[in-house]
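K.L.:
Take 6 as the starting number for the sequence shown in the numbering used here and just add one per residue.
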Amino acid sequence: MCYQSEEVHAIPLWLLREYLKDLGGTADDEHTVVGEGWTAKLIQLRPKEVGSLRVGQVKVAFSGRSEAISQLRTQFHKKTIRAGA
């Protein structure tokens with residue numbers, strides 16, 4: 006069993022859940038998406054504040070087979086890339 010996590014900034018939790026569903030997962034509940042060989046937990050973090058600017062943050066905790074997570078994270082990264090970031 007493999008465990009990995011990453012923090013994603015400026016993408017809302019609901020949209021990250023949709024991305025994971027697009028990659029073959031099924032929403033178990035609002036914060037959990039399960040795919041073949043992997044599970045992703047979405048954890049809402051406190052927004053990052055810089056002056057008057059607030060940027061949302063979500064921790065995505067992946068668990069499952071190493072190969073499945075590696076493939077999923079490669080595809081997930083492509084979905085979360087933002088131009089100009």
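Note that the Cβ used here is the ideal one computed from N, Cα and C, for glycine as well. Since this is a predicted model, take the numbers as computed values, not measurements.
(1) Return the chain-ordered list of same chain residues with a C-beta closer than 6 Å to the C-beta of Tyr24, the five sequence neighbours on each side being excluded.
(2) Taking DSSP as the reference, what is the three-state secondary structure of Glu72?
(3) How would you write the range of the alpha helix (DSSP H) that Leu18 sits in, first residue to last?
(4) Quick check: the Cα distance between Thr31 and Leu18, rounded to an integer number of angstroms?
(5) What residue range does the beta strand (DSSP E) around Ser10 cover?
P.N.:
The structure says:
(1) The residue given as residue 24 occupies position 19 in the sequence shown. For Tyr24, where only same-chain residues beyond five positions count, the Cβ hits under 6 Å are Lys84.
(2) Mapped onto the sequence shown, residue 72 falls at position 67. Three-state DSSP puts Glu72 in a helix.
(3) Sequence index remark: in the sequence shown, residue 18 carries index 13 (1-based). Looking at the DSSP string, the run of the alpha helix (DSSP H) that includes Leu18 is 18-27.
(4) On the sequence shown, position 26 is the one that residue 31 refers to. On the sequence shown, position 13 is the one that residue 18 refers to. Cα-Cα distance, rounded: 15 Å.
(5) Taking the first residue of the sequence shown as 1, we reach residue 10 at position 5. Unbroken beta strand (DSSP E) run through Ser10: 7-14.
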